[in-house]
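A quick write-up on the structure given underneath.
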Amino acid sequence: MSFDRTDRLRAGDRVLVGEHLIAIDEGFAATLEPGDRVLGVAGTGDILRVPKSESDLVSKSVAAAAQAFIEMRECSDEAISKFYEVFAQLLDSPDVVGEIIAANALDVADAQTRGRSTTRLEFTDSMRRDMIDALRIWQKFRAEREVTTETVVHDGWTIDAVTSPLGVVGFIFEGRPNVFADATGVLRTGNTCVFRIGSDALRTATAIMTHAIEPALRLSGLPSGAIVLIDAKSHAAGWALFSDKRLALAVARGSGAAVSQLGAIARQAGIAVSLHGTGGAWLIAGEHCDASVFESAVEHSLDRKVCNTLNVVCIVRSRAADLLPSFQIAVVKAAAARGTNPVVHLVPDEIFETFSFDSGVDVHELAVDSLATEWEWENAPECSVLIVDDLGSAVSLCNEYSPQFVVSIISDDEGERDFVWRHVNAPFVGDGMTRWVDGQFALLRPELGLSNWQSGRMLGRGAILSGDSVHTVRYRVTQDDKDLRR
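In this text, residue positions in the sequence shown follow the working numbering: the first is 45, and each later residue adds one.
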């Protein structure tokens, strides 16, 4: 719910938000000014203030994207391809790159002074090359606008099912500059996009917009509002964006309560949502697990901390004695590659009384009901390990405590691999490292986001949302029989 008449809201007033009866305290009431909006979030019970300045800025941004969406209908597929070509060329220009690096250095320095992580914030050369690769993929990608996917022929009339653009996509993401290349993929299918980026990366994002995206839009002949960046640092701008009913889709990348809150705001506004709130992969070592394959899978799933990084390892009891040494070797090697020592959380079991981890491994005990914890490490690889009686126990624990996201089963036995595939509730299942889950790496299509199944299974598509999957279906009838009636 949204209250636009904030002059009528007073301290002590009680507001029913979903199932929550919220009392307006004096501190919140004192912040309200004429023209502000107050959002009540039914899913979380939050009461949020959206200042008039942020509300107006977001409304203007969405209006520009909505107008651009109409204009995109007259833009050719060649013009869209030209946008990606020019964008990629500009990211390869020393002058443009210099501007982005300078802005990024300020963002990084500012984040460091506030004790913020800069692992994903730094605009590295490898990140720049990955962005260019992504843009080249979209440049060469077969156009997906107005494609007839089905034709039903009747006596005297015909109906065609045609893919069509979806509309304005609202996109909120943390400080990762490379997301621009991923998300501009929505233009490939004729959509437009409004970005809101975290305050850590706003300078970098502004530089990319000013020196690469806006010139690419102009030189390709696409409307200027096709990609819009909201120039605001406050969370309120994100709340305003995801409550704007003109959005066709709301995409949030990040983790934790903030993403859940954004999803709740969009859902109650009637906007389709793609969220990725939590990550962390699970790996199961089966009865017929090859120790060397297991060791390699663990090591290569802990190279860096992202959503598909290994978080929990389950080892069947009958193989614990010979696989625990392999596990230790793997985590030590993964940590050594980063110049650190690994952190291991183990669920107490009698087997661990006879197996001693090396002194360089930082070991902690973990309760079973804490297996849902996603370890947010910076440099030292961190994961949990537990002993299970059998595959069924591992799958049950995974379905109960994991984010229902990525699962790997290491086994030479096809029956064991099929058992996990059939019984685990996750969209991504493999038999090696977990880090393969990525749109560009796996499907050669830069992703807008990844979804787990904690919040429900996806309808009609996989859990990788990419630019080419942002479309809807329209139906067009050709009537040859003028006397057709029901």
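A virtual CB, placed ideally from N, CA and C, is assigned to each residue, including glycine.
Those residues which DSSP pairs with residue i across a bridge
i, result
"D90", "V85"
"S264", "Looking at the DSSP assignment, S264 forms no beta bridge with any residue, so it has no partner."
"I309", "DSSP, once it has assigned bridges, lists no residue as partnering I309."
"H389", "H408, S428"
"T42", "Nothing can be reported for residue 42: it is not among the residues displayed for the chain, which extend from 45 to 530."
"F217", "I241"
"I66", "V59"
"E397", "In the DSSP output, where bridge partners are listed per residue, E397 has none listed."
"F472", "V450"
"G211", "BP columns for G211 are empty, so no partner."
"V514", "Paired residue(s): none; V514 is not in a bridge."
"V317", "A294"
Given residue i as reference, the closest of the options once Cα atoms are compared
i, options, result
"L92", "V102, S105, I68", "I68"
"A325", "V102, G142, F472, S510", "F472"
"V82", "D413, S287, I144", "S287"
"F185", "R54, S510, R117, Q523", "S510"
"E194", "T157, P78, V521, V387", "V521"
"W480", "N352, N469, I216, L494", "N352"
"E122", "T192, S264, A132, T236", "S264"
"E77", "V59, G89, T88, S99", "S99"
"L231", "E188, F217, T163, F485", "E188"
"H332", "E118, R361, A74, P259", "R361"
"S97", "A280, A155, V238, M253", "A280"
"S370", "L135, D334, V356", "D334"
"H320", "L346, S336, V350, R160", "V350"
"S243", "G282, L261, D347, G234", "G282"
"D413", "V517, T233, L430, E426", "L430"
"A216", "V141, A379, S318", "In the sequence as presented, Ala is not what sits at residue 216; that position holds Ile. The shortest Cα separation from I216 among V141, A379, S318 belongs to S318."
"E339", "A308, R348, S161, D366", "D366"
"D393", "G383, N385, L410", "L410"
"F449", "V85, W497, C358, G300", "W497"
"M253", "V130, P425, S161", "V130"
"G323", "A310, P138, L354", "L354"
"R117", "V197, L266, T163", "L266"
"A284", "D80, M502, E70", "D80"
"V357", "M502, A416, A380", "A416"
"F474", "V337, I241, I66, E218", "Here residue 474 turns out to be Gly, not Phe, going by the sequence shown. Of V337, I241, I66, E218, the residue nearest in Cα terms is V337."
"G26", "R158, H255, G307, I359", "The question about residue 26 has no answer here: the residues shown for the chain are numbered 45 through 530."
Cβ shell of residue i (< 6 angstroms), same chain only, five flanking positions each side left out
i, result
"K377", "E343"
"F399", "L368"
"S446", "W326"
"G476", "A341"
"D200", "The question names Asp, yet the displayed sequence has Gly at residue 200. Excluding residues within five positions, the ones whose Cβ falls inside 6 angstroms are D524, D525, L528."
"A313", "S287, K289"
"A486", "W480"
"I257", "I271"
"K126", "S264"
"L291", "V212, G214, I315"
"Y128", "L179, W182, Q183"
"R518", "V206, S208"
"R49", "For R49, the predicted model reports a pLDDT of 46, less than 50, meaning its position is unreliable; a value from the coordinates is still stated below. Result list for R49: empty, nothing under 6 angstroms."
"T192", "D204, V206"
Residues of its chain near residue i, where Cβ-Cβ distance is below 7 angstroms and the 5 sequence neighbours each way are ignored
i, result
"N222", "M171, D174, M175"
"C225", "It is worth fixing the name first, because residue 225 is Ala in this sequence and not Cys. M175, A178, L179, P490, listed in sequence order."
"G483", "R489, P490, E491, I508, S510"
"E460", "G330, E331, H332, L435, I453"
"Q372", "F401, D402, V405"
"L494", "H320, C351, V481, A507, I508"
"L53", "F47, I68, A73, L76, V82"
"T516", "S208, L210"
"D456", "H332, D334"
"R363", "A329, E331, C333"
"F167", "I144, I145, N148, P221, T248"
The ligand FAD heavy atom lying under 7 angstroms from the CB of residue i
i, result
"W326", "Within the structure as shown, the ligand FAD is missing, as the structure has no ligands at all."
Cut-off 8 angstroms between Cβ atoms - residues of its own chain near residue i, not counting five sequence neighbours on either side
i, result
"D275", "L101, L246, T250"
"V141", "L135, R172"
"N423", "R382, G383, T384"
"D512", "F185, E188, G229, R232, T233, R489"
"L390", "F396, V407, H408, E409, L410, S428, V429, L430"
"R19", "Past the edges of the chain, shown from 45 to 530, lies residue 19, and the structure says nothing about it."
"T163", "R348, K349, E422"
- prompt: Do the segment 257 to 275 and the segment 108 to 118 meet, that is, are 3 or more Cβ pairs less than 8 angstroms apart?
  reply: yes
- request: Give a yes or no on contact between the segment 195 to 212 and the segment 147 to 154, applying the rule of three or more CB pairs nearer than 8 angstroms.
  value: no
query: Counting pairs of Cβ atoms below 8 angstroms between the segment 292 to 307 and the segment 167 to 187, do you hit three or more?
result: no
- request: Ignoring anything shorter than 3 residues or poking outside the segment 400 to 444, list the beta strand (DSSP E) runs there in chain order.
  value: 406 to 409, 426 to 432
- request: Kindly confirm or deny that the segment 457 to 472 and the segment 435 to 443 touch, where touching means at least three C-beta pairs closer than 8 angstroms.
  value: yes
message: If we require 3 or more residues per run, which beta strand (DSSP E) segments fall completely within the segment 74 to 153?
response: 81 to 85, 90 to 94
query: At what residue ranges does the segment 319 to 370 contain a whole run of the alpha helix (DSSP H), taking only runs of 4 or more?
result: 335 to 344
Whole beta strand (DSSP E) elements within the segment 166 to 198, 3-residue minimum: 192 to 198
field: Secondary structure, alpha helix (DSSP H): runs of 4+ residues fully inside the segment 269 to 298
entry: 279 to 286
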